[in-house]
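Peer 1: Take this structure first; my questions come after.
Residue numbers (the numbering used here), protein chains in the order written: chain A, 1233 to 1346; chain B, 93 to 204.
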């Protein structure tokens, strides 16, 4: 079964509104989670590293004020796309590493901003 | 930072034929290697991984991969593909930290 649950799987929102995406580790604790963005027919691009109890680390070129990350507990990280615009439409995927080098990925969220 | 190269962006292959998806990585230090499969509008599913030990790794759905340290390669193979294998395949490298580095992906299309 899935060990990382991402919700919602898809969302459509109006331009200017905010959207929150949740990523939960179901049977293990994750002090670190990763958020990726994937454009059609392209690979996953790391956006930020979410750290439980501290600020997220953002990759170069990612606007921290637009993509708010909160890692309030050892099993939950959230990504909020603020004031979304059509160019933010994409597939967002979270992942959580577990002991033994493996990482588990959420099912992804298809965001469409209209 | 690591670099992962998947030379083939698209691979068409007939059903029941063998297939090899190529992956090369840049690091000369110890790394962990992975192959993931992604179906449309879904997350990534682990096919197989190499952490240590035997260089030939067997995964799910009949896939296997061989770690070649001298050539810094980790090619994915399947002796006989099925229609259901049509998907996007990503090679990934993880170093001693927690961060994964992904290749650009290979789109495998199985032709009936």
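Positions of the beta carbon are idealized from the N, C-alpha and C atoms, including for glycine. All of these numbers come straight from a predicted model, not from anything done at the bench.
Show which residues of chain B have a CB atom less than 7 Å away from the CB atom of residue 1275/A.
Peer 2: For the purposes of this step, residue 1275/A is taken as the residue at position 43 of the first chain. The contacting residues are 182, 194, 195, 196 and 197.
Peer 1: Keeping to the same chain, check which residues put their C-beta closer than 8 Å to that of residue 1299/A; ignore five residues upstream and five downstream.
Peer 2: Along the first chain, one-based indexing puts residue 1299/A at 67. The answer, listed in chain order, is 1267, 1279, 1280, 1290, 1311, 1312, 1313 and 1314.
Peer 1: Looking at the unbroken beta strand (DSSP E) that takes in residue 1269/A, where does it start and where does it end?
Peer 2: Within the first chain, numbered from 1, the residue matching residue 1269/A stands at position 37. Its beta strand (DSSP E) spans residues 1264 to 1270.
Peer 1: What residues in its chain sit with their C-beta under 6 Å from that of residue 102/B, if we drop five residues either side in the sequence?
Peer 2: By 1-based counting over the second chain, the position of residue 102/B is 10. Answer for residue 102/B: 199, listed in chain order.
Peer 1: Chain B partners of residue 1329/A, CB-CB under 7 Å?
Peer 2: Start at 1 with the first residue of the first chain, and residue 1329/A comes out as number 97. Within chain B, the residues near residue 1329/A are 190.
Peer 1: Tell me which residue opens and which closes the beta strand (DSSP E) that residue 191/B is part of.
Peer 2: Along the second chain, read from residue 1 onward, the residue named residue 191/B stands at position 99. Here residue 191/B belongs to no beta strand (DSSP E), and DSSP marks it neither H nor E.
Peer 1: Tell me whether residue 1318/A sits in a helix, a strand or coil according to DSSP, three-state version.
Peer 2: Within the first chain, numbered from 1, the residue matching residue 1318/A stands at position 86. Note: residue 1318/A maps to helix in three-state DSSP.
Peer 1: Consult DSSP for residue 133/B and reduce its assignment to one of helix, strand or coil.
Peer 2: To locate residue 133/B, count along the second chain from 1; it is residue 41. Three-state DSSP puts residue 133/B in coil, outside helix and strand.
Peer 1: Which residue's Cα is closest to the Cα of residue 119/B: 201/B, 109/B, 203/B and 188/B?
Peer 2: As a first step, residue 119/B must be located in the second chain, where it is residue number 27. Checked all of 201/B, 109/B, 203/B and 188/B; the closest Cα to residue 119/B is 188/B.
Peer 1: Check residue 144/B in the structure and name its three-state DSSP category.
Peer 2: By one-based count along the second chain, residue 144/B stands at place 52. Residue 144/B falls in the coil class under three-state DSSP.
Peer 1: What did DSSP end up calling residue 176/B once you bin it into helix, strand or coil?
Peer 2: For this step, residue 176/B is matched to residue 84 along the second chain. Residue 176/B falls in the helix class under three-state DSSP.
Peer 1: Chain B beta carbons: is any one of them nearer than 8 Å to that of residue 1289/A?
Peer 2: Locating residue 1289/A in the first chain gives position 57, where the first residue counts as 1. Chain B contact via Cβ: absent.
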